[in-house]
Ligand SMILES: Cc1cc2nc3c(=O)[nH]c(=O)nc-3n(C[C@H](O)[C@H](O)[C@H](O)COP(=O)(O)OP(=O)(O)OC[C@H]3O[C@@H](n4cnc5c(N)ncnc54)[C@H](O)[C@@H]3O)c2cc1C
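Chains as they are written, first to last, in the working numbering: chain A, 670 to 983; chain B, -19 to 226.
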């Protein structure tokens, strides 16, 4: 049994990378990490603490081209004799894992939410989180991508060796003209705390209140679909069945009715708080805590309460 | 410009999700199928826009049984020129992708478009698998797509950001929100769709790489605890002490 974990280290080591390495460790056997780009050796070595035996890095490729990455991971899988290849189920995995599946004729399980069961099946969300499916792979090599926030990183080992690796990847067919990375924002799928608001906020000029709560909590912001459709908020904040699916520890829904398509993308959240003026809002049926009240009054109060709580040393 | 748009069916978003046969099969009883929204709203509509400005043909393809002719006719009504149905059950992403790639290989498409993912299996797998099978470059989760001669300029989401990239045709692109706006078919489109060509093709033989063994439903939430809207300290205390999330 040999496990190969691909991580994207271009913008540092994300929590999702630590989750994926920790998950890979639990599968047993030798664990090798493969990555590309320019992250420091010393940083990559810390992956040893989460279970990596060795990190391989190819500094000649940048990680923007899925054909190069496919070649890189296939070459690394061959060199370590990998029987399981792991990704975090992020945008890179969505581009590369399917290619690799075809290249290696290896079954792909996308968006695992738990470790494999005793019979080898792996649980994933289906119907946008309305149900779970247990999937098994019929090939000798399996590829698993782990849904962010589904498995806690576990630190107990020590630093590991970092070795350079060359995949002899072909020249990139994708020319990158520009890259825009918002500074300091928490990527929504990885956020542990999410503050989300809907049409009940009446207009984009009122979002200051939502952002205040989010920044007091250290949370990411999200929104319902109509809010993104009318342009009150950017598209990447749209959560739900036709937006991003998330499973944070805490999801606070403000002025969102709780339509089935919205709930589909958020009901994997561990704890849900709904704030709504309508006692009949469906969100109260999906929530753990409910506040029946006007967001314009409740939000400033909640933000104050959070600030007080943080100031008391939490 | 020859464009192939891959569409799949998914249950209407308000469908009740249930399973039969010891939870091994989706219960189709009373379920209305729609075109997977990403395929219809973004991939298909953008393909039609490109055709309207640059000329060419838009073919829709699906892997599915005869019942799926209904969603194919809808795609034709929205404006696709012709359609292909590979007559097989799309039980596994790899199986489905290879069927589409086999058809694409012999028909020289310049551009293959798919939606970002299906809303039933959410795998985001098929497009990348088609790209690898055809050995085409692949741009996933594009939110914008422009054609300049034989080059595509695309905007795509990457881990924590946005990127503008260029790629030469032929290519595979999966389409996400921002790419186009939903179009409602009009009466003329619906009439025209009846006479457009729908070719049924036999599948090639492919091994399944994955199997869904069974399904489960999430546990129902216990009742929602209502908090006094004037006492947000209580909510914060509960989130800390009881829920342990802050
Ligand atoms: C195919 C399809 C796919 C879809 N996909 C998605 C998806 O991915 N994500 C998504 O979100 N939706 C999706 N929808 C739309 C969905 O059905 C709902 O229309 C949408 O979620 C409603 O958004 P909302 O709750 O913000 O607005 P509304 O339904 O208008 O609800 C506003 C809520 O705010 C409350 N409110 C009003 N004023 C206040 C106040 N002052 N204080 C507190 N509360 C207040 C109201 O009581 C109400 O509950 C989809 C629909 C379809 C048909």
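Built from N, CA and C at the ideal position, the CB exists for glycine as well.
Secondary structure of residue i, DSSP reduced to three states
i: residue 756/A; result: strand
i: residue -19/B; result: coil
i: residue 638/A; result: There is simply no residue 638/A to check, as chain A begins at 670 and stops at 983 in what is shown.
i: residue 89/B; result: coil
i: residue 832/A; result: strand
i: residue 15/B; result: strand
i: residue 736/A; result: helix
i: residue 781/A; result: strand
i: residue 799/A; result: coil
i: residue 689/A; result: helix
i: residue 846/A; result: strand
i: residue 813/A; result: strand
i: residue 770/A; result: helix
i: residue 873/A; result: helix
i: residue 723/A; result: strand
i: residue 210/B; result: coil
i: residue 747/A; result: helix
i: residue 914/A; result: coil
i: residue 121/B; result: strand
i: residue 179/B; result: strand
i: residue 858/A; result: helix
With 16 other Cβ atoms within 10 Å as the buried cut-off, status of residue i
i: residue 832/A; result: exposed
i: residue 792/A; result: buried
i: residue 143/B; result: buried
i: residue 180/B; result: exposed
i: residue 716/A; result: buried
i: residue 168/B; result: exposed
i: residue 12/B; result: exposed
i: residue 711/A; result: exposed
i: residue 175/B; result: exposed
i: residue 304/B; result: No answer is possible for residue 304/B: the residues shown for chain B start at -19 and end at 226.
i: residue 34/B; result: exposed
i: residue 915/A; result: buried
i: residue 735/A; result: buried
i: residue 728/A; result: exposed
i: residue 905/A; result: buried
i: residue 96/B; result: buried
i: residue 227/B; result: There is simply no residue 227/B to check, as chain B begins at -19 and stops at 226 in what is shown.
i: residue 846/A; result: exposed
i: residue 972/A; result: buried
Distance between beta carbons of residue j and residue i, contact taken as under 8 angstroms
i: residue 724/A; j: residue 829/A; result: 6 angstroms
i: residue 161/B; j: residue 25/B; result: 7 angstroms
i: residue 868/A; j: residue 896/A; result: 6 angstroms
i: residue 69/B; j: residue 45/B; result: 7 angstroms
i: residue 102/B; j: residue 797/A; result: 6 angstroms
i: residue 813/A; j: residue 778/A; result: 5 angstroms
i: residue -17/B; j: residue 90/B; result: 7 angstroms
i: residue 156/B; j: residue 121/B; result: 5 angstroms
i: residue 864/A; j: residue 882/A; result: 5 angstroms
i: residue -19/B; j: residue 31/B; result: 7 angstroms
i: residue 131/B; j: residue 112/B; result: In fact, because the Cβ distance is near 21 angstroms, the residues do not count as touching under 8 angstroms.
i: residue 936/A; j: residue 955/A; result: 6 angstroms
Review point. Fully enclosed by the stretch 133 to 159 of chain B, which alpha helix (DSSP H) runs are 4 residues long or longer?
Key: none
Exercise for review: Ignoring anything shorter than 3 residues or poking outside the stretch 877 to 912 of chain A, list the beta strand (DSSP E) runs there in chain order.
Suggested key: 889 to 892
Review point. In the stretch 54 to 103 of chain B, which residue ranges form an unbroken alpha helix (DSSP H) of at least 4 residues, counting only runs that do not cross its ends?
Key: Within the stretch 54 to 103 of chain B, the complete alpha helix (DSSP H) segments at least 4 residues long are 73 to 85, listed from N- to C-terminus.
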